[in-house]
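Using the working numbering, count along the sequence shown one by one with no gaps and you end on 301. We put the beta carbon where it would ideally sit given N, CA and C, even for glycine.
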Amino acid sequence: MKERTLSIVKPDAMKNGSMGAIIDRLQKSGFSIVAAKMTRLSKAQAEAFYAVHKERPFFKSLTEFMCSGPVMVMILEAEEAISRYRAVMGATNPAEAEAGTLRKDFATDKEKNAVHGSDAPETAAYEMGFFFTPYELIALG
Ligand code: CMP
């Protein structure tokens, strides 16, 4: 079944010029990019996006990092996009990520880990709606 998931190229990867290489990797891995926008999160947006982590010790640092520079937000479409994209990203901590994964190749540490991806259908729906209006999503068909 065709599925959609939210992808974010994070500020670390944007800053070091890896955005193009990451998008190339995504397209070569069979994902269609059905929506994209480059933006910069406010602190409030970063806190809202990561609200599920608000009790975690890394919340302040994570939300500061996520608004430290621009991000590229995309909706990816593929068969089983959510689990496939998570496999392409690799483990949260790049030190534990498998060879050939985005985080192994582009991330520096478990916070500045180059990319974000939704972890389940419900979070994908919420996260796509966080960045794209209902009209933009409807237009995708
Ligand atoms: P992401 O997939 O965007 O989801 C939550 C983010 O929190 C994660 O990637 C990392 O950027 C960050 N994160 C998760 N665990 C830790 C940790 N132990 N220390 C710092 N940051 C973390």
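With hydrogens ignored, establish whether the beta-carbon of residue i is closer than 7 angstroms to any heavy atom of ligand 1.
i           : result
residue 273 : yes
residue 191 : no
residue 218 : yes
residue 245 : no
residue 210 : yes
residue 252 : yes
residue 270 : yes
residue 201 : no
residue 222 : yes
Checking 8 angstroms against the spacing of the C-beta atoms, do residue i and residue j come in under that value?
i           : j           : result
residue 218 : residue 256 : no
residue 199 : residue 171 : no
residue 164 : residue 236 : yes
residue 242 : residue 281 : yes
residue 197 : residue 169 : no
residue 288 : residue 201 : no
residue 180 : residue 238 : no
Residue i and residue j look like a contact to me (Cβ under 8 angstroms); what is the Cβ gap, rounded to whole Å?
i           : j           : result
residue 308 : residue 227 : Here the chain covers residues 161 to 301 and nothing more, so residue 308 does not appear.
residue 183 : residue 266 : The Cβ separation is near 12 angstroms, so there is no contact.
Taking the runs of the beta strand (DSSP E) that are 3 residues or longer, which of them lie wholly in the segment 237-300? 275-277
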